[in-house]
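*Asks:* In our numbering, the protein residues as written are 3 to 400.
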Ligand code: GLA
């Protein structure tokens, strides 16, 4: 885990000045997958793992950024360089470019507790932490909605993933002990306290996901095709958020099977998020878990974004007692699953998942209990106990 004081010392050695420190969290999404670019509902929670930035202003316009994980220092002289370079600095360059008009450059040192490529939104954590740092160093007022939107745009234009806004919003607005029910059309936010009798286990399959591979954008294109078909019959349909399953059935004859199944996932998943929010408020964990299970089946069969390792992880978790539900989380094609577990059994369940997954796949998973953490902030030493690096078994922190 990143020790912020250690990071500050490393910055001083590297750049010869005292930095300010910032952090933004990764996330898991409890339910509402691939709904955010369809104007739908999502229910993420911020991780208690973050990407950290130590930063200080420079007298010229260059951004010099060093990554502890990649052991690289890169100078970004021209923020308008061609967009995608397929390098980790795309995110930093993108955010700096999108937040146009920021005066001056910065030295930055980045370190992260959020595993990369595990579907835990390490890229949004990096974008939001850097964007917040650059605004703060320039003494600009920080509007978190604008920051989230700017980071989403950076991801579109500089990383090439036409993502929704869920990851950037939760990196900005995460709250300790609570999940966020977010309407991605209106950005209306409702907080859902996570009951102490429930635990969320994050189970990393250790198979890296490749969102940029084009599959993500292909799903978006399928959804857009579905909207065009629906809108011919139901003119008010601007996005899949506006459609019902009955309407989708009505245009069955005009939709290729693949488009039909993609749309069926999104429309049903939106309804599941609303039902899950009610179940959580009513402390009906069986109902909540059942919706999580349904979400996984739909992502696997209709949306086709799961993979053999995620399915194995979910099946193993579901086969254990005291597990209410399990599913893949994030974009898919690898990365992490979550299991919703009764707090009394969490140690046993996590041990059994580790053993059985390794036995089934030969891969050693990383399984940990995740508590909901806070959104982006400048770091003050009083936070050390919360976010400093001494919380048991860490993950892969590439
Ligand atoms: C990625 C994207 C998000 C969202 C999820 C799938 O994490 O960045 O915007 O679409 O996939 O729910």
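Even for Gly, the Cβ is constructed at its ideal location relative to N, Cα and C. As the structure is a prediction and not an experimental result, all values here were calculated from the model.
Suppose contacts are defined by Cβ-Cβ distances below 7 angstroms. Is residue 46 in contact with residue 25 by that definition?
*Replies:* No. Outside cutoff.
*Asks:* At a cut-off of 6 angstroms, would you count residue 165 as near the ligand GLA, judging by its Cβ distance to the nearest heavy atom?
*Replies:* True, at least one ligand heavy atom lies under 6 angstroms from that Cβ.
*Asks:* Less than 7 angstroms between the beta carbons of residue 381 and residue 23, yes or no?
*Replies:* Yes; because the gap between Cβ atoms is below 7 angstroms, this pair is in contact.
*Asks:* How big is the Cα-Cα spacing for residue 50 and residue 234?
*Replies:* Taking the straight line joining both Cα atoms gives about 45 angstroms.
*Asks:* Note down, in chain order, each residue of its chain lying with its Cβ closer than 8 angstroms to the Cβ of residue 52, except the 5 sequence neighbours on either side.
*Replies:* Cβ neighbours of residue 52 beyond the five flanking positions: 4, 25, 26, 27, 28, 114, 115, 116, 127, 131, 375, 389.
*Asks:* In terms of DSSP beta bridges, what is residue 330 paired with?
*Replies:* Residue 330 pairs with 339.
*Asks:* Going by alpha carbons, who is nearest to residue 34 out of 366, 123, 277, 363?
*Replies:* Here the closest residue by C-alpha is 277.
*Asks:* Over what stretch of residues does the alpha helix (DSSP H) that includes residue 96 continue unbroken?
*Replies:* Residue 96 -> alpha helix (DSSP H) spans 91 to 100.
*Asks:* Looking at the structure shown, is residue 24 part of a helix, part of a strand, or coil, going by DSSP?
*Replies:* Residue state, collapsed to three classes: strand.
*Asks:* Along the chain, where does the beta strand (DSSP E) that runs through residue 74 open and close?
*Replies:* Looking at the DSSP string, the run of the beta strand (DSSP E) that includes residue 74 is 74 to 78.
*Asks:* Assuming residue 205 is part of the beta strand (DSSP E), what are its boundary residues?
*Replies:* Where residue 205 is concerned, the enclosing beta strand (DSSP E) stretches over 200 to 206.
*Asks:* So what's residue 41 in DSSP terms, helix, strand or just coil?
*Replies:* Coil, per DSSP.
*Asks:* Tell me whether residue 372 sits in a helix, a strand or coil according to DSSP, three-state version.
*Replies:* Three-state result, residue 372: strand.
*Asks:* From residue 395 to residue 186, what does the alpha carbon distance come to, in whole angstroms?
*Replies:* Because residue 395 carries a pLDDT of 29, less than 50, the predicted location of this residue cannot be relied on, and no value is offered for it.
*Asks:* Which first and last residues belong to the alpha helix (DSSP H) in which residue 47 is found?
*Replies:* Taken as a continuous stretch (DSSP letters only), residue 47 belongs to no alpha helix (DSSP H), being part of the beta strand (DSSP E) at 46 to 59.
*Asks:* Could you tell me which residues DSSP puts in a beta bridge with residue 443?
*Replies:* The chain is shown only over 3 to 400; residue 443 falls outside these bounds and no answer can be derived.
*Asks:* Check whether the Cβ of residue 183 lies closer than 6 angstroms to any heavy atom of the ligand GLA, and answer yes or no.
*Replies:* Residue 183: no, Cβ never under 6 angstroms from the ligand GLA.
*Asks:* Ignoring anything shorter than 4 residues or poking outside the segment 117 to 162, list the alpha helix (DSSP H) runs there in chain order.
*Replies:* Those alpha helix (DSSP H) runs which fall completely within the segment 117 to 162 and span 4+ residues are 124 to 139, 146 to 156.
*Asks:* Going by Cα to Cα distance, which pick from 121, 259, 316 is closest to residue 2?
*Replies:* This structure leaves residue 2 out entirely; the chain is present only between 3 and 400.
*Asks:* When we look at the beta-carbon of residue 239 and count the other beta-carbons within 10 Å, is it buried (16 or more) or exposed?
*Replies:* Looking at its Cβ environment, which holds 16 or more other Cβ atoms inside 10 Å, residue 239 is buried.
*Asks:* To which residues of the same chain is residue 257 closer than 6 angstroms at the C-beta, ignoring the five residues directly before and after it?
*Replies:* The residues are 231.
*Asks:* Where does residue 109 fall in DSSP's three states?
*Replies:* Three-state result, residue 109: strand.
*Asks:* At what residues does the alpha helix (DSSP H) containing residue 283 begin and finish?
*Replies:* Counting along the chain, the alpha helix (DSSP H) containing residue 283 begins and ends at 259 to 283.
*Asks:* Considering Cα atoms alone, identify which of 86, 125, 79 is closest to residue 109.
*Replies:* When each option's Cα is compared against that of residue 109, the closest is 79.
*Asks:* Do the segment 199 to 206 and the segment 346 to 358 make contact, defined as three or more Cβ pairs closer than 8 angstroms?
*Replies:* Enough Cβ pairs lie closer than 8 angstroms, so yes.
*Asks:* How should residue 193 be labelled, buried or exposed, when 16 other C-beta atoms within 10 angstroms of its C-beta is the threshold for buried?
*Replies:* Exposed, because fewer than 16 other Cβ atoms sit within 10 Å of the Cβ of residue 193.
*Asks:* Could you tell me how far apart the beta carbons of residue 329 and residue 339 are, in whole angstroms, since I believe they sit closer than 8 angstroms?
*Replies:* Indeed they touch by this definition, with Cβ atoms about 6 angstroms apart.
*Asks:* Taking only beta-carbon positions, decide if residue 22 is within less than 7 angstroms of chain B.
*Replies:* Note that chain B does not occur in the displayed structure, where there is just one protein chain.
*Asks:* Please report the Cβ distance between residue 140 and residue 106, rounded to the nearest whole angstrom; I am assuming they are in contact, meaning their Cβ atoms lie under 8 angstroms.
*Replies:* 7 angstroms between Cβ atoms; contact.
*Asks:* With DSSP collapsed to three states, give me the class of residue 69.
*Replies:* DSSP places residue 69 in strand when its eight states are reduced to three.
*Asks:* So, with DSSP's three-state summary, where would you put residue 380?
*Replies:* Correct three-state label for residue 380: strand.
*Asks:* For the ligand GLA, any of its heavy atoms closer than 6 angstroms to the Cβ of residue 276?
*Replies:* Answer for residue 276: no, Cβ out of range of the ligand GLA.
*Asks:* If you follow the alpha helix (DSSP H) that residue 354 is in, where does it begin and where does it stop?
*Replies:* 348 to 363 is the extent of the alpha helix (DSSP H) around residue 354.
*Asks:* Taking residue 67 as the reference, which of 77, 242, 359, 59 has the closest Cα?
*Replies:* It is 77 whose Cα lies nearest to the Cα of residue 67.
*Asks:* For residue 38, count neighbouring C-beta atoms within 10 Å of its own C-beta (all shown protein chains included) and say buried if the count is 16 or more, exposed if not.
*Replies:* It counts as buried.
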